[in-house]
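Asker: Numbering (the UniProt record's numbering), first residue to last: 1 to 211. Beta carbons are placed, not taken as given, at the ideal position from N, Cα and C, and that holds for glycine. All figures in this text were calculated on a predicted structure; none of them were measured in a lab.
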Amino acid sequence: ALRSQSSMALDLRDKELFPTFGQLPSDTPDDGYDVDYFEFDEYSGVIEPIHHWCLLVEITEVVPYIRPTYYGKDVDGTAVFIVFYTDDRSPQIARNCNVGDTLALMYAETHMFNDGQVGIRVDSDDYVKLFHSTLQGVFQIDELLNSKMTSCHLCDKPAKSQCINCEVKYCSKDCQVADWKPRHKDECRVGKCIKQWKSFNWWDFDDYRSL
Numbered sequence: 001a002l003r004s005q006s007s008m009a010l011d012l013r014d015k016e017l018f019p020t021f022g023q024l025p026s027d028t029p030d031d032g033y034d035v036d037y038f039e040f041d042e043y044s045g046v047i048e049p050i051h052h053w054c055l056l057v058e059i060t061e062v063v064p065y066i067r068p069t070y071y072g073k074d075v076d077g078t079a080v081f082i083v084f085y086t087d088d089r090s091p092q093i094a095r096n097c098n099v100g101d102t103l104a105l106m107y108a109e110t111h112m113f114n115d116g117q118v119g120i121r122v123d124s125d126d127y128v129k130l131f132h133s134t135l136q137g138v139f140q141i142d143e144l145l146n147s148k149m150t151s152c153h154l155c156d157k158p159a160k161s162q163c164i165n166c167e168v169k170y171c172s173k174d175c176q177v178a179d180w181k182p183r184h185k186d187e188c189r190v191g192k193c194i195k196q197w198k199s200f201n202w203w204d205f206d207d208y209r210s211l
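#1: Residue range of the alpha helix (DSSP H) that K173 falls in?
#2: In whole angstroms, what is the alpha-carbon distance linking T60 and Y43?
#3: Apply the 10 Å Cβ neighbour rule to I120 and answer buried if 16 or more other Cβ atoms are within range, or exposed otherwise.
#4: Let's test the definition: count the other Cβ atoms within 10 Å of the Cβ of residue 212 and tell me whether it reaches 16, buried, or not, exposed.
#5: Give a yes or no on contact between the segment 49-64 and the segment 200-208, applying the rule of three or more CB pairs nearer than 8 Å.
#6: If you draw a straight line from the alpha carbon of W203 to that of D123, how long is it in whole angstroms?
#7: Give the straight-line distance between the Cα atoms of R89 and I66, rounded to the nearest whole angstrom.
#8: I'd like to know whether the C-beta atoms of D74 and T20 end up nearer to each other than 8 Å.
#9: Just to confirm before moving on: does the CB-CB distance between L130 and C163 stay below 8 Å?
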């Protein structure tokens with residue numbers, strides 16, 4: 001039976017939908033495909049995902065290489081090796097990626113590179129989102145949005161308005177403006193994406209969702 005998901009039920013700490021690196025399917029499985037992530041559609045004759053999933057990785061090192069290459073860590077602290085193999089050898093998302101940022105990689109699969117390292121090969125940046133926030137910061141924003149805020153994000157006074165993009169609440173326009181540059185500009189990008197994620201059922205794969 002198809003699992004349902006209310007808009008508030010999506011939790012970025014749910015390891016079925018936001019798995020660790022060690023839980024990911026392989027892009028070259030020994031036995032056809034990973035039944036935890038894929039199924040064979042008899043009608044179309046293709047193997048397709050059962051549900052949506054996303055790997056969250058905090059960048060720990062930018063590796064000098066001809067392609068954008070990074071080391072990062074997942075929610076469990078496991079090291080993750082990431083290489084971009086996009087047609088554009090210097091995509092904007094990679095140019096803006098720094099240590100301490102977090103990458104959200106939809107439909108990530110493990111890949112064995114020629115040198116024997118196992119990591120993530122990114123062939124399209126359509127399914128990648130860059131957050132200028134640590135992984136812990138991303139989780140904190142998710143918890144904030146799930147908390148049904150009633151007080152101002154800056155001063156804790158009763159909230160009277162909210163950010164149009166991510167719905168974080170403020171008591172006044174003055175507090176919202178004061179919070180923008182030092183903190184909320186980067187938070188908002190995360191919150192807007194999480195809000196988008198909550199708008200669809202992750203357990204019902206309808207099509208690949210770009211970011």
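Answerer: This is what the structure gives:
#1: Numbered from 1 along the sequence shown, position 173 holds the residue referred to as residue 173. Element bounds for K173: K173 to D179.
#2: In the sequence shown, residue 60 corresponds to position 60, counting from 1. In the sequence shown, residue 43 corresponds to position 43, counting from 1. Rounded to the nearest whole angstrom, the CA to CA distance from T60 to Y43 is 44 Å.
#3: Taking the sequence shown and counting its residues from 1, the one referred to as residue 120 is at position 120. I120 comes out buried.
#4: Residue 212 cannot be examined here, being either before or after the span of the chain that is shown, 1 to 211.
#5: yes
#6: Residue 203 sits at position 203 when you count from the first residue of the sequence shown. Residue 123 sits at position 123 when you count from the first residue of the sequence shown. About 24 Å.
#7: On the sequence shown, residue 89 is found 89 positions in, with the first residue counted as 1. On the sequence shown, residue 66 is found 66 positions in, with the first residue counted as 1. Approximately 8 Å, taken between the alpha carbons.
#8: The count along the sequence shown starts at 1 and reaches residue 74 at position 74. The count along the sequence shown starts at 1 and reaches residue 20 at position 20. In this structure, T20 lies closer than 8 Å to D74 by Cβ.
#9: Position 130 of the sequence shown, counted from the start, is the residue given in the question as residue 130. Position 163 of the sequence shown, counted from the start, is the residue given in the question as residue 163. Cβ atoms of L130 and C163: not closer than 8 Å.
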